[in-house]
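So the sequences go chain by chain: A and B. Residue numbers for the first sequence, in our numbering: 65 to 227. Residue numbers for the second sequence, in our numbering: 75 to 375. A short worksheet on the structure shown next.
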Amino acid sequence: MVDIAPNRLVRTLDGHNPSDKSTGARQYNDLGIDQPDWQGNEEFNLPDIAVQVIAPTSGKLMVSVGAGARDNGTAPNVDGFRLSFQVKQGGFAGSVLTDASTFRGWVSSRNVTLYMFGSRIIIIESLTPGNLYYIRAVWQSSQGTDPDTLDWQYPSLVVVPLP
Amino acid sequence: MVRVGSKIRAADFPPSKWAQSNTEILNVTSTSYIVGSPTVETLFVAPQSGSVLLVCGGGFRDSSTNRISIAPQIRAGSSAGSIVLAADEITRGVTAGSVSDEYEFYSRMTLLTGLTAGSTYHAQALYKVSGGSSADIQSREIAVIPTPLGGNYAGKPVAALDYPDTVWAQDTTTISNPTNTTYSAGSPTVNVTFIAPTSGRVLVAIGGSAGNATSSDRIIFAPELRETNVSGTIIVSTDVEQWGWGSQVSAGYVQGSRVSMFDNLTPGDPYFVRHMYAVATDPGSQTQDINCREILVCSVP
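The structure is reproduced here in structure tokens:
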């Protein structure tokens, strides 16, 4: 965690290493997701929505997660869609450094029967500069109902190294 | 801005700053902006460009129809300095929908320009409620990210294309009861032109403020990306599902944004992106309004 200081050469690692994005499928319908598990595409036998990124000198990354979501079930048995991300060391098989949380995610209102769209930006700090991290989008529902009527669209993940 | 031929300086890249509190605040009653406890604040130094990305958001709910707003405030120098940017949810903040009895979480990204390079500023997330005493907050956060972002590989000379300026446009004209179910650019139009950076990648944030009616169709926003200008070939068409933002069926205005990355742009080519809006074809009336529209483009490495 080194700020770019006067009289020091600026390096590629100083927040200029590549940013990346990953996006899921257009539509996930009536999928039975529930608490407390956080699930990603991998759990649905689909390619993970994830990016690998090298932490910049600052140790800071901007992470944006966004989607559209609704629950067109019958009130009050309605669920909010919670989209967050895990930060893993190295790759998919790496240990989880920061787990998913609604504190670090986009969460739809559980009372919307029509799609709402948006995103949330989180800054991750204190990563080790130069180390490789694997960031994957994961989700859960706020309560879980049976039958599940929660739908969501285009879960997306954007990661940008910051100065 | 980072000019061609100029040396890269540390002052071009002051640190990004972030503050967040996940301490729950129950039964908010203040209808004017307050700082709360704990406070969510940070100092930052303005970069040479004088422009920073400003992100503000959080999580909020209400068992009734009261709506929490969270908005950024900027002061010069310190927490005691003069106010440079007053907290205002319509142009900079987020507001909850009127029908969320469980926590919903989202944020908004805007661009703050005209800061004095090298000067210290104080950024803080403030909050208020539309009324009542039953609305709660779970999270509050603020981020300040100096621009330009960008870059190139180590050992390469710096070129202007590595750090194009971040650009945005915002308009607060009220558009009452729009009825267009196909996308319109509106009047005035809200658009920017930009040069694609070395990486070919940009962040696009579309957002604003819309809603203000229940039993109504939602209003949706989406960016449209073209080559060169308004007459250019469409590269990315309007698609709220992929990269747009939408109001909720809400008694008040809802604010927020959607941040996406557009990639594979041709470095050095000029592009044109504009804010487009439409009324969703919901089974309701067409009685929602818009009172802020914005589009932001930030080059990223």
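Yeah, the Cβ is synthetic: ideal placement off N, Cα and C, and Gly gets one too.
query	result
CA-CA distance, Val67/B and Gln360/B?	Residue 67/B is absent from the structure shown; chain B starts at 75 and stops at 375.
Of all Cβ atoms in chain A, is any one closer than 9 Å to the Cβ of Met309/B?	Per the sequence presented here, residue 309/B reads as Ile, with Met not at that position. Output row for Ile309/B: interface = no.
Let me make sure I understand the geometry here. Which of Val102/B, Tyr195/B and Ile308/B has the alpha-carbon closest to that of Ile219/B?	Tyr195/B
Could you pull out every residue in the same chain whose Cβ sits closer than 7 Å to the Cβ of Asn105/A, ignoring the five residues on either side in sequence?	Gly88, Pro111, Asp112 and Ile113
Taking 9 Å as the CB-CB limit, is Ser159/A close to chain B?	no
Determine, using beta carbons only, whether Pro375/B comes closer than 9 Å to chain A.	yes
Looking at chain A, which residues of the region 144-160 of chain B have a Cβ within less than 8 Å of any of its Cβ atoms?	none
What residues from the region 334-362 of chain B come within 8 Å of chain A, judged by C-beta to C-beta, listed N to C?	Ser334, Met335, Asp337, Ala354 and Asp356
Confirm the yes/no value for this check: CB of Gly194/A, any heavy atom of the ligand GTP, distance under 8 Å.	The ligand GTP is not among the ligands present in this structure, which contains no ligands whatsoever.
Could one say the Cβ of Tyr218/A lies closer than 9 Å to chain B's Cβ atoms, at least one of them?	yes
Can you tell me where the alpha helix (DSSP H) holding Val314/B begins and where it ends?	Val314 to Trp317
Tell me where the beta strand (DSSP E) around Ile216/B begins and ends.	Ala209 to Pro220
Within its chain, find whatever has a CB closer than 6 Å to the CB of Ser95/B; leave out the 5 residues flanking it on each side and keep chain order.	Pro112, Val114 and Arg214
When the Cβ atoms of the region 91-111 of chain B are set against those of the region 204-214 of chain B, are three or more pairs found closer than 8 Å?	yes
Under 8 Å Cβ to Cβ from Lys85/A, same chain only, skipping five residues before and after it: list those, please.	Val115, Ser220, Leu221, Val222 and Val223
Considering only the alpha carbon of each residue, which of Tyr92/A, Met126/A, Gly123/A and Asn195/A lies closest to Phe108/A?	Tyr92/A
Can you tell which of Phe181/A, Gly169/A and Thr166/A has its C-alpha closest to the C-alpha of Gly330/B?	Phe181/A
Do three or more CB pairs link the region 330-341 of chain B to the region 246-253 of chain B at distances below 8 Å?	no
Just how far apart, CA to CA, sit Ala272/B and Met335/B?	What sits at residue 272/B in the sequence shown is Thr, not Ala. Cα-Cα distance, rounded: 15 Å.
Please report how far the alpha carbon of Val266/B lies from the alpha carbon of Ile185/A, in whole angstroms.	22 Å
From Ile308/B to Thr256/B, what distance separates their C-alpha atoms?	16 Å
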